[in-house]
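Step one of this worksheet: look at the structure below.
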Amino acid sequence: MTADQHADKYNDPRVKITRRGVLIAVAIGIFGVAGSAMSIIGRRTQKQKTTDFWGEKTILALQLGERMELCPRGNEIFEPVDLSGTPGLGHLRRLLLDERNYDWSTVSQSKAINDCGDPVPRKPRCIQLRLTDPTANRFDSVQIDLDLETGWVGPSDGSSRVRVLDRTKPKLAKYFETTITVEQLRSDFRKD
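Residue numbers (the numbering used here): 828 to 1019.
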């Protein structure tokens, strides 16, 4: 058996463990744990106001809905698109669930979609999201109307609406523009 050639590295006489050093290490650990906890709490989806507005059924559908379909509303002309499994769907769900994405001072008892204007190819304005759960049947079908130009969203039955924040509106529009464009290009490619 040979002696460890690096024993001096494990027991260096120059290293002194002092009370001050231990307190600094403990303080760093406490700040790290507190910072992590604050980060987790700050990033949690806040949905008390959205639950009050949408209702439990729609919140459940947005969280667990197996199938989400994008459909045209008003004068829009595009084939319905199955959004299930598309990139960014989780971000869309979170955007619609988090109360920090809405201007709650705009809630009114009116339809989300009024005049959609003339359709522009690959730039949807009035759309509907249909959420279903065909396998587990945890809820009935849920429909949400969105006017991407004005930022109004609400249930398709026209009972109420709320406007998304100005910082949220372009995110929604870009997501749906991209999705419709990709789907139409895929469809054109299949035809050729």
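Don't be surprised by glycine CBs; every beta carbon is placed ideally from N, CA and C.
Open item on the list: Tell me the rounded alpha-carbon separation between ASP879 and HIS918.
Closed with: Position 52 of the sequence shown holds residue 879. Position 91 of the sequence shown holds residue 918. Looking at the two C-alpha atoms, the distance is approximately 21 Å.
TODO: Since I believe ALA888 is in contact with LEU973 (beta carbons under 8 Å), could you give me their beta-carbon distance rounded to a whole number of angstroms?
DONE: Residue numbering aside, residue 973 sits at position 146 when the sequence shown is read from its first letter. Residue numbering aside, residue 888 sits at position 61 when the sequence shown is read from its first letter. That belief does not hold up - the Cβ atoms of LEU973 and ALA888 are roughly 15 Å apart, past 8 Å.
Task: Three-state class that DSSP yields for PRO982 in the structure shown - done: Translated into the one-based positions of the sequence shown, residue 982 becomes position 155. In the structure shown, PRO982 sits in a strand (DSSP, three-state: E or B).
Open item on the list: Can you find the residues in the same chain that come closer than 6 Å, C-beta to C-beta, to PRO982, ignoring five residues on each side of it along the sequence?
Closed with: The residue labelled residue 982 in the question sits at position 155 within the sequence shown. Excluding residues within five positions, none has a Cβ falling inside 6 Å.
Open item on the list: If distances are taken between C-alpha atoms only, which option among ILE868, ARG870, SER866, LEU916 comes closest to GLN890?
Closed with: Residue 890 sits at position 63 when you count from the first residue of the sequence shown. When only C-alpha atoms are compared, the closest one is LEU916.
Open item on the list: Between which two residues does the alpha helix (DSSP H) holding GLN1011 run?
Closed with: To locate residue 1011, count along the sequence shown from 1; it is residue 184. 996-1018 is the span of the alpha helix (DSSP H), which, as asked, contains GLN1011.
TODO: On a CA-only basis, which of GLU906, MET895, GLU926 is nearest LEU992? Give me that one, please.
DONE: Position 165 of the sequence shown, counted from the first residue, corresponds to residue 992. Of the candidates GLU906, MET895, GLU926, the one whose C-alpha sits nearest the C-alpha of LEU992 is GLU926.
- [ ] Please determine, among GLY862, LYS884, ARG847, PRO946, the residue with the shortest C-alpha to C-alpha distance to PHE966.
- [x] Along the sequence shown, read from residue 1 onward, the residue named residue 966 stands at position 139. Considering only alpha carbons, the answer is LYS884.
Task: C-alpha gap between ARG900 and ASN928, whole angstroms - done: One-based indexing of the sequence shown puts residue 900 at position 73. One-based indexing of the sequence shown puts residue 928 at position 101. Each residue's Cα considered, the two are about 23 Å apart.
Task: Contact belief for ILE940 with LEU956 at Cβ below 8 Å, rounded distance in angstroms - done: As a first step, residue 940 is located in the sequence shown; it is residue number 113 there, counting from the start. As a first step, residue 956 is located in the sequence shown; it is residue number 129 there, counting from the start. No, ILE940 and LEU956 are not in contact; Cβ-Cβ is about 12 Å, not under 8 Å.
Open item on the list: Strictly by DSSP, which residues pair up with SER987?
Closed with: Residue numbering aside, residue 987 sits at position 160 when the sequence shown is read from its first letter. Its beta-bridge partners do not exist; DSSP assigns none.
Open item on the list: Taking its Cβ as the centre, do 16 or more other Cβ atoms sit within 10 Å of MET865, making it buried, or is it exposed?
Closed with: In the sequence shown, the residue the question calls residue 865 occupies position 38. With fewer than 16 other Cβ atoms within 10 Å, it is exposed.
Task: Cβ-based burial, VAL860 [other Cβ within 10 Å; buried from 16] - done: Residue 860 sits at position 33 when you count from the first residue of the sequence shown. Classification of VAL860: exposed, given that the 10 Å Cβ count is below 16.
- [ ] Could you tell me which residues DSSP puts in a beta bridge with THR959?
- [x] Here residue 959 refers to the residue found at position 132 of the sequence shown. According to DSSP, which records beta bridges pairwise, THR959 is partnered with ARG894.
Task: Beta-carbon proximity list for PRO907, same chain, < 7 Å, skipping 5 on both sides - done: Your numbering for residue 907 matches position 80 in the sequence shown. Closer than 7 Å at Cβ, skipping near neighbours: GLU896, LEU897, CYS898.
TODO: For my contact list, LYS950 and ARG988 are in at a C-beta cut-off of 8 Å; report their separation, rounded to the angstrom.
DONE: As a working mapping, residue 950 is identified with position 123 in the sequence shown. As a working mapping, residue 988 is identified with position 161 in the sequence shown. About 22 Å; that fails the 8 Å criterion.
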